[in-house]
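Number of protein chains: 2
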Amino acid sequence: MSQTTPAAVPPAAGLTSAGLNDSFAALLTSGRAASLALASAPTEVKNRALRGIAVALRENVPQILAANALDLAAGAENGLSAGLLDRLSLDEARIRSLADAVDEIEALTDPVGQVVRGSSLPNGVKISQVRVPFGVVGVIYEARPNVTVDIAALALKSGNAAVLRGGSAAENSNRILVALIQDALVAAGLPGESVQTIDPFGRAGATALMQARGQVDVLIPRGSAGLIQAVVTESTVPVIETGAGVVHIFLDASANEQWSADIVHNAKVQRPSVCNAVETVLVHEDAADRVLPAVLAKLAGAGVTIHGDAAVRALYPAAIPATDEDWATEYMSLDLSVAVVPDLDAAIAHIRRYSTGHTESIITNDVVNAERFLGEVDSAAVMVNASTRFTDGGEFGFGAEVGISTQKLHARGPMGLPELTSTKWIVRGTGQIRH
Amino acid sequence: MSQTTPAAVPPAAGLTSAGLNDSFAALLTSGRAASLALASAPTEVKNRALRGIAVALRENVPQILAANALDLAAGAENGLSAGLLDRLSLDEARIRSLADAVDEIEALTDPVGQVVRGSSLPNGVKISQVRVPFGVVGVIYEARPNVTVDIAALALKSGNAAVLRGGSAAENSNRILVALIQDALVAAGLPGESVQTIDPFGRAGATALMQARGQVDVLIPRGSAGLIQAVVTESTVPVIETGAGVVHIFLDASANEQWSADIVHNAKVQRPSVCNAVETVLVHEDAADRVLPAVLAKLAGAGVTIHGDAAVRALYPAAIPATDEDWATEYMSLDLSVAVVPDLDAAIAHIRRYSTGHTESIITNDVVNAERFLGEVDSAAVMVNASTRFTDGGEFGFGAEVGISTQKLHARGPMGLPELTSTKWIVRGTGQIRH
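Below, the structure written as structure tokens:
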């Protein structure tokens, strides 16, 4: 077609979509370019950017809260649940604790370049396995602006570019957070495209991210079971599945009464909307009369609704009947399923059936039962006499966390800096060939 | 419906499919049950089974060769390529070396229970990250009966049950190998269902395996690029991508002539049908006149066809013109693409464009260039002055390999025993709650 021929057909709807595709592709390309710069950036440069992010968070509290207020108002109007509104909500203390987490990440050892293992082969060839960044990390989450900061800081420290889909519910909060992060990156001499949001692309952007195999090296969904399932099913990019937690505590026959009451209360009440909160308590029948009254009284004082089986309801008439569905439910609210079981085997069988493989804890003074529970329960974290709320990157000393992996590939449990790296084999020879 | 009412409708085609589905589901269920037994099996019991497998291989060479001959005859009739026929083919030496690999795996340290890291938290809670088996490992491969033995032995040692889809081309070979392995398992007191083949289910079985999320913990495809791509696209089970290798060697300006000739010859000729064989040689223009004649002469002596760019053809008229497609081709045959490039940057750019991220090697005497190549080439194995044929679990001292991962998640490069494990966090407290 010669240049003088006018276009017969005017730009149609398809062009908008093509334009969207073009700018999405350009975003991924700039993310890849940024990842190459980050991969070879010295630790001191990455740390300078992290310090800049922490300072910017502390200096812009009012602006961040104003943006967050817009999201909260829209969320309330759209009927978001109390749990979602809690996760969406920022206050000055939460922003300061986000900045503190960034400082903690700055202080951690840079994982890039760490030698995992190595050896000299019999022929003199030297091999070593070294940590390298993934490249570009995609994260899809919803209504959690704190994730924006945590992921950006962890990705930056581990030399990865991040492409974030934070969802429409937190769009205003995430926009200002990403802008502050990008300013700090540029001020430190790193590409601003090291951290990008695809929120302006809407749902189409999330879909395109899931299909960006080869351009995005790993995709991490954080959020509801439905969100995670959708990503797992639709994504051709390798996925690390996180989060959904139908978490159990088993009160064994020998359970300490005080520990039981304190740990169950802490695991349910301290922050009910998060994935390491307990959802089901199982009680050995020999401990029910002794331990359950104190446990349930302490929960009642905090306004917890008990969904009990018949044995529980007999002990505690305020309980409502637990349905079959309740045992598989992640309430994320002040609700708790409680059942009496005949023994440890029944508890393990119940957990095998209903657990999402996140965290389970046994309260016991019996060494054999403790070891059996640790060995036979197949979850990312298995505990004895501790609150399930400890399954957390910050608590584990990782500074923050990318999420809590509930799959078995690559990472399991809280993911910190090493979990955001891959490895590469470095092989040094002097002319050796294989015989 | 009362028992005296005769069925109005006779069993139809649907029943066959349902029957197939039922027996496939039963196979997966028995695999899961076997995995629980394996997860807690003492190392000495697993080693007993491994010794039994090695003995059975050595004692049944004629029977294995007879089964393999059936597959080879069918393969020749069906027009399998020379490369595929080579990978399909067993001989006494290969069977003995398979048995030796099983012995080597028996001698390796059991990864299950190894503590990866751990610490005491400030509140006294003790955390440790411990290696555990995946559970059930699925493997889809084609025309490689040696994989059946390697995978079975590695899965067994690492406490995993294996579900194998070896493909119709190797069906007779795999049937006898799995039968020998199952006998050895049972003789050692382990479930025979620890290693199962789904070949009788045909393609429908492969499809069902890819959809068995929750029943199969990880799926490893080994074979052609097409097979791997199909598994990556269709599977909802987490996948470790392996194998396809468009492998490069770069002969730098300072490349040693003898090393260049020996290493390129070894990397192309020793076993052209495998993934760590070189497919493209790039030569610095300052080294072309000095190094290329010896390299090409040695290859010519082995019958290698050179696909050259214009500069190569000027030096070596026997070369045929390289097409655009050639640079992206994994020949798996005595064909080699060769190009002259102006400098290291051009070599790295070429590799970034065409490499599948398997293995690349630089032949150089320049420290700066060596370090740049190792740092900037993003492949599972990057080498200096060594044959690409060294990217191999056996060569790396892993006993054997599950495959060579070309993805970045979980495992990268040759996968041995640790790569067949996940981890679990063990948390031990004395009543601690989170503040």
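Line by line, the protein sequences are chains A and S. Residue numbers are given in full-length UniProt numbering: position 426 of the first sequence equals residue 426, and the series is strictly consecutive. Residue numbers are given in full-length UniProt numbering: position 334 of the second sequence equals residue 334, and the series is strictly consecutive. Idealized CB from N, CA, C, for every residue including glycine. On a predicted model such as this, the values are computed, not experimentally measured, just so you know.
Interface residue (Cβ-Cβ distance to chain S less than 9 angstroms): residue 24 of chain A is not classified as such.
For the region 64 to 117 of chain A, the continuous alpha helix (DSSP H) assignments of 4+ residues that do not extend past its boundaries occur at 82 to 88, 92 to 107, in sequence order. Proximity of residue 252 of chain A to chain S, defined by a Cβ-Cβ separation below 9 angstroms, is not satisfied. Secondary structure note for residue 173 of chain S: its alpha helix (DSSP H) is the uninterrupted segment 171 to 187. Using a Cβ-Cβ cut-off of 9 angstroms, residue 327 of chain A does not count as an interface residue toward chain S, since no Cβ of chain S sits closer than that to its own. At a cut-off of 9 angstroms between C-beta atoms, residue 21 of chain A does not count as an interface residue with respect to chain S. Within chain S, 426 have C-beta atoms less than 7 angstroms from the C-beta of residue 374 of chain A, given in sequence order. In the DSSP assignment, residue 258 of chain S falls within the unbroken alpha helix (DSSP H) covering 257 to 269.
The distance from the Cβ of residue 396 of chain A to that of residue 127 of chain S is about 6 angstroms, consistent with a contact at the 8 angstroms cut-off. Runs of the beta strand (DSSP E) spanning 3 or more residues and lying entirely within the region 379 to 417 of chain S occur at 381 to 386, in chain order. Within chain A, no C-beta atom comes nearer than 8 angstroms to that of residue 201 of chain S; the closest sits roughly 23 angstroms away. A Cβ of chain A is located within less than 9 angstroms of the beta carbon of residue 383 of chain S. Counting along the chain, residue 350 of chain A sits inside no beta strand (DSSP E); it lies in the alpha helix (DSSP H) bounded by residues 344 to 354. For a Cβ distance threshold of 7 angstroms, residue set 409, 410 of chain S lies close to residue 410 of chain A, ordered along the chain. Residues 276, 401, 404, 414 of the same chain have their beta carbon placed closer than 8 angstroms to that of residue 392 of chain S, with the five preceding and five following residues left out of the count.
Closest option to residue 63 of chain A, judged by alpha-carbon separation, among A:257, A:95, A:355, A:241: A:95. Residue 343 of chain A has its alpha-carbon roughly 8 angstroms from the corresponding atom of residue 252 of chain A. When the five nearest sequence neighbours on each side are left out, no beta carbon in the same chain lies closer than 7 angstroms to the beta carbon of residue 367 of chain S.
Here residue 115 of chain A is exposed, its C-beta having fewer than 16 other C-beta atoms within 10 Å. For chain A, none of the residues of the region 153 to 183 of chain S brings a beta carbon within less than 9 angstroms of one of its beta carbons.
Rounded to whole angstroms, the separation of the alpha carbons of residue 175 of chain A and residue 207 of chain A is 20 angstroms. Rounded to the nearest whole angstrom, the CA to CA distance from residue 223 of chain A to residue 190 of chain A is 30 angstroms. Per DSSP, reduced to three states, the secondary structure at residue 251 of chain A is strand. Less than 9 angstroms divides the Cβ of residue 144 of chain A from the Cβ of residue 170 of chain A.
Within chain A, the residues whose beta carbon sits less than 7 angstroms from that of residue 389 of chain S are 434, listed in sequence order. The beta carbon of residue 354 of chain S is closer than 8 angstroms to those of 246, 248, 280, 327, 328 in its chain, skipping five residues each way along the sequence.
Nearest Cα to residue 282 of chain S within the set S:386, S:187, S:350: S:350. Near chain S, meaning a CB-to-CB distance below 9 angstroms, the residues of the region 230 to 243 of chain A are 232, 233, 236, 238, 239, 240, 241. Beta-bridge pairing by DSSP links residue 335 of chain S to S:305.
Residue environment for residue 117 of chain S: exposed (fewer than 16 other C-beta atoms within 10 angstroms of its C-beta). For residue 270 of chain S, the chain A residues whose Cβ falls inside 7 angstroms of its Cβ are 434, in order along the chain. Residue-level contact by beta carbon holds for residue 119 of chain S and chain A, with a gap shorter than 9 angstroms.
Contact between residue 181 of chain S and residue 53 of chain S holds: CB atoms are separated by about 6 angstroms, below the 8 angstroms threshold. Per DSSP, residue 129 of chain A is one residue of the beta strand (DSSP E) stretching across 126 to 133. The region 308 to 317 of chain A makes no contact with the region 369 to 376 of chain A: fewer than 3 CB pairs, one atom from each, lie closer than 8 angstroms. According to DSSP, residue pairing for residue 320 of chain A in a beta bridge involves A:307.
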